[in-house]
Structure formats: C-alpha cells, structure tokens
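Some notes on the structure that comes next.
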Ligand SMILES: Nc1nc2c(ncn2[C@@H]2O[C@H](COP(=O)(O)OP(=O)(O)OP(=O)(O)O)[C@@H](O)[C@H]2O)c(=O)[nH]1
Ligand SMILES: [Mg+2]
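Quick look at the structure:
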C-alpha cells in the first residue's frame with residue numbers, strides 16, 4: 020500500500036478525514052485503517068470530535084491502544100484552532116506519519132472550512148487526502164427514496180445530501196448486511212446524484228474492500244476545486260432538529276454482574292421509548308469500562324429504530340462496577356432524550372436490583388448554528 024517515498028512521508032504527515040452521517044461506520048473504519056497502518060510500521064494519531072463531552076468514540080479507540088486526541092464541545096469547522104492544537108499535541112507525543120480525523124456526523128462543508136484552511140495555513144506540514152464520506156446503505160436508501168422506513172425530516176436530509184455532495188470519495192459501508200443487487204442499486208443512485216465522487220463498496224466490520232479505499236487515500240491528494248454552496252440557515256435548522264445527549268454514569272454492585280447484559284437491557288428500554296415517541300434514532304452508542312480494567316470495554320450501538328442493538332465489543336468476565344458512557348443522537352427534543360435515559364436506568368435497576376447508578380456528568384442540547392472559524396470556498400483564489 021505504501022507507494023510513497025520514505026522521504027516524502029518523513030517530511031509531511033498525511034491528513035485523512037473520514038466523514039459521513041451519524042452511525043455510518045466512521046469510527047469502525049478508522050479503527051481498521053489505524054490498525055492496518057500500525058501493522059505496516061507507521062505511526063498514527065487519531066482525532067475524534069463531537070458536540071458534547073465524554074465521547075464514546077474516544078473511549079473505543081483508546082481502548083484499542085491508538086493515540087487519540089478528542090475535540091469535544093463543537094465541530095472541527097467551528098473549532099479549527101483546536102484541531103490544529105490536537106494535531107500538535109499528537110505530534111509532541113508520537114510524531115504520527117498519518118493523522119486520521121473523524122468529524123461530527125451531522126457536519127458538512129468540511130472542504131471549505133477544514134481542508135482548504137489546513138492546506139492554506141499548514142500546507143507545509145500536511146498532505147491532505149481526498150475527503151471520504153461513509154454511508155450506511157439502509158439509511159442512504161431511505162434518504163434517496165429507494166426504500167421505505169423511518170426517515171429524518173427534510174432539513175436533516177439536506178445535511179445528509181450536502182455531506183455526499185462534497186465527498187471526493189463515497190464509501191458504501193456495511194455491504195455485509197445487503198444483497199448485492201441492493202448495493203448495485205444504491206451505487207447507481209449515488210453515482211447519478213454525485214458523478215464526481217469515486218465510489219467504494221466495503222464492509223468495515225468484516226474488513227472487506229478496505230484495501231483499495233485505503234490505498235486510494237494514501238496515493239491521492241485532495242483535488243483543489245471550488246467548494247459547494249451551503250445554505251447555513253437550513254444547515255443550522257437541520258442540526259438543531261437533532262437532539263444530543265451525552266452522559267456518564269458510575270455503576271456499582273456488591274456482587275458481580277454481567278455488564279454486557281446490563282447494556283442490552285438499557286439499550287432496549289431506550290429504544291422502546293424512542294419508538295413510542297416516534298423519535299428517529301441517528302445513533303445511540305454506549306461503552307462500559309470496568310473499574311481497574313486494563314483496556315477491555317463493552318460497546319453497544321443502535322443506528323435505526325427498526326434495528327437490533329448490537330454489542331460490537333463484549334466483556335469476557337462479570338464485574339462489580341465501572342463507568343458507563345452514553346452518547347445519543349435522535350431527531351427529538353433533548354429533554355425527552357434525558358427522560359428516556361432516566362427511564363432506562365430505572366429499568367436497569369428493576370432488572371438488577373443490587374445495582375447502584377450515579378450520574379456523574381449529563382448534558383442534553385440541540386447543536387447551535389455552525390459558525391466556522393474559516394471558510395475558503397476557492398482554494399486557488
Ligand atoms: N453490519 C455492519 N455493521 C457495521 C459496519 N461498520 C460499522 N458497523 C456498525 O455500525 C454501528 C456504527 O458504527 P460507528 O463506526 O460507531 O459509526 P460512526 O459513523 O463512527 O458513528 P458516529 O460517530 O456516531 O457518527 C456500530 O454498531 C458498528 O458496529 C459494517 O461494515 N457492517
Ligand atoms: Mg464515530
């Protein structure tokens with residue numbers, strides 16, 4: 020994969036940004052890419068980003084041993100200087116050959132607000148790869164009207180389509196859950212709508228199709244062209260329709276309990292309540308880190324109302340306590356998300372009467388209007 024000359028790699032670190040809507044598989048893809056590069060002897064530095072604090076993605080990537088910096092409390096475009104600081108911090112610690120950054124899943128206009136400013140101000144330090152936008156094929160088929168099913172409202176779909184419009188590379192992920200003919204239909208549809216994007220079909224989880232995508236990101240620099248127009252009023256309204264909740268809870272018990280099962284119970288109750296409220300889930304993700312653990316954590320995800328929550332990482336042993344992190348994004352009032360978590364914790368108590376839960380941090384909100392630090396629409400002007 021590494022066709023770069025060693026000299027170039029030494030001089031400039033590669034900056035790879037993997038975008039895409041909430042729950043599409045960005046973190047899963049980044050973990051695979053980071054592992055592949057590490058296996059090849061390269062040093063990676065990962066940067067996660069979210070509107071809230073206490074991030075599941077950071078916990079997940081760190082648990083796998085990758086140097087990871089997070090930018091909480093706002094998106095890359097609005098916290099551009101923090102992105103540069105995060106890269107500098109990683110540089111001090113590990114001097115990465117490659118930075119891989121995951122922007123917030125409801126963010127768009129990343130080319131004009133992140134990569135072009137990076138190129139102009141820090142072009143000496145970074146070589147910028149094409150922007151990838153990862154899609155969940157079931158979600159995408161619904162957004163483009165190919166299939167029925169739970170959908171977001173129009174302004175959220177505006178963001179979804181804008182993300183794809185600026186993509187240099189569109190990655191149809193989770194091909195393991197679709198028939199080939201469905202993948203081909205979605206591929207044709209995306210190709211019709213976004214003819215300039217290169218399309219890859221992959222399964223990040225199963226590691227299928229990743230090599231050619233990763234090689235493309237390694238071998239190609241992002242092409243300079245005029246960035247797309249974005250209506251920031253519609254973008255802001257779409258962002259605000261998505262309720263955001265992040266919280267951290269300490270769980271403890273006198274006797275050992277099965278944390279995998281506890282996560283399932285909690286997730287199921289939250290899912291039921293959101294379905295009752297007809298609130299479409301974008302992504303509910305939770306981690307449980309055992310007290311005194313040495314890295315192993317349990318992770319549960321849910322990316323649609325009509326889907327089965329999945330434990331993407333499990334703990335092998337029972338535990339007596341640990342830290343639960345909940346990150347939830349859904350098209351719903353943030354207050355409702357907060358009540359839903361309270362009810363979920365109550366359901367957990369009913370199921371595990373000996374379990375005590377203490378909420379240590381909790382925030383719920385609608386993201387504010389994006390106000391990028393920089394916006395460069397034409398990189399050569
Ligand atoms: N079946 C299948 N599931 C996948 C694949 N890649 C990711 N997933 C699952 O999709 C869910 C979301 O994956 P993440 O990688 O957390 O998605 P994300 O885009 O980083 O989500 P946000 O950070 O919340 O925007 C998890 O349950 C993953 O296990 C895949 O190739 N196949
Ligand atoms: Mg993620």
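In our numbering, the protein residues as written are 20 to 400.
Ideal Cβ positions, reconstructed from N, Cα and C, are used throughout, including at glycine.
Residue i versus residue j - alpha carbon distance
i           : j           : result
residue 21  : residue 210 : The pLDDT assigned to residue 21 is 46, lower than 50, so where the model puts this residue is not dependable, and the model offers no usable value.
residue 152 : residue 373 : 44 Å
residue 395 : residue 138 : 10 Å
residue 23  : residue 141 : Here the model assigns residue 23 a pLDDT of 48, short of 50, so the residue's position is not dependable and the matter cannot be decided.
residue 175 : residue 259 : 9 Å
residue 133 : residue 365 : 42 Å
residue 241 : residue 147 : 6 Å
residue 264 : residue 43  : 18 Å
residue 382 : residue 298 : 19 Å
residue 122 : residue 362 : 30 Å
residue 178 : residue 292 : 26 Å
residue 192 : residue 375 : 39 Å
residue 111 : residue 295 : 49 Å
residue 201 : residue 208 : 11 Å
residue 391 : residue 126 : 11 Å
residue 308 : residue 215 : 43 Å
residue 73  : residue 163 : 33 Å
residue 48  : residue 261 : 24 Å
residue 160 : residue 46  : 21 Å
residue 384 : residue 189 : 30 Å
residue 284 : residue 251 : 39 Å
Residue range of the unbroken beta strand (DSSP E) whose run includes residue i
i           : result
residue 332 : 329-332
residue 88  : 87-90
residue 147 : 145-147
residue 34  : 32-39
residue 42  : Here residue 42 belongs to no beta strand (DSSP E), and DSSP marks it neither H nor E.
residue 66  : 63-68
residue 320 : 317-321
residue 175 : Careful: residue 175 lies outside any beta strand (DSSP E), inside the alpha helix (DSSP H) at 173-184.
residue 222 : Element bounds for residue 222: n/a, residue is neither H nor E.
Candidates the options, of which the one nearest residue i by Cα
i           : options            : result
residue 378 : 83, 326, 271       : 271
residue 332 : 290, 341, 282, 302 : 282
residue 359 : 346, 400, 289, 370 : 289
residue 77  : 57, 104, 120, 162  : 120
residue 340 : 381, 261, 277      : 277
residue 336 : 63, 253, 317       : 317
residue 398 : 247, 238, 114      : 247
residue 353 : 320, 387, 338, 342 : 387
residue 334 : 49, 346, 327, 312  : 312
residue 32  : 99, 113, 92, 73    : 113
residue 234 : 47, 391, 345, 217  : 217
residue 37  : 79, 351, 95        : 95
Endpoints, alpha helix (DSSP H) assigned at residue i
i           : result
residue 47  : 45-58
residue 342 : From DSSP, residue 342 is part of no alpha helix (DSSP H) but of the beta strand (DSSP E) over 338-350.
residue 119 : Segment 117-120 is the beta strand (DSSP E) holding residue 119; no alpha helix (DSSP H) there.
residue 382 : Segment 375-384 is the beta strand (DSSP E) holding residue 382; no alpha helix (DSSP H) there.
residue 75  : 75-82
residue 135 : 135-141
DSSP-derived helix/strand/coil call for residue i
i           : result
residue 238 : helix
residue 309 : strand
residue 267 : strand
residue 215 : coil
residue 99  : helix
residue 110 : helix
residue 396 : coil
residue 287 : helix
residue 357 : helix
residue 163 : coil
residue 190 : strand
residue 261 : coil
residue 273 : strand
residue 303 : strand
residue 402 : The question about residue 402 has no answer, for the chain in this structure spans 20 to 400.
residue 93  : strand
residue 130 : helix
residue 231 : helix
residue 154 : strand
residue 105 : helix
residue 247 : coil
residue 170 : coil
residue 123 : coil
residue 326 : coil
Contact belief for residue i with residue j at Cβ below 8 Å, rounded distance in angstroms
i           : j           : result
residue 301 : residue 348 : 4 Å
residue 185 : residue 236 : With a Cβ gap of about 16 Å, residue 185 and residue 236 do not count as contacting.
residue 66  : residue 106 : 7 Å
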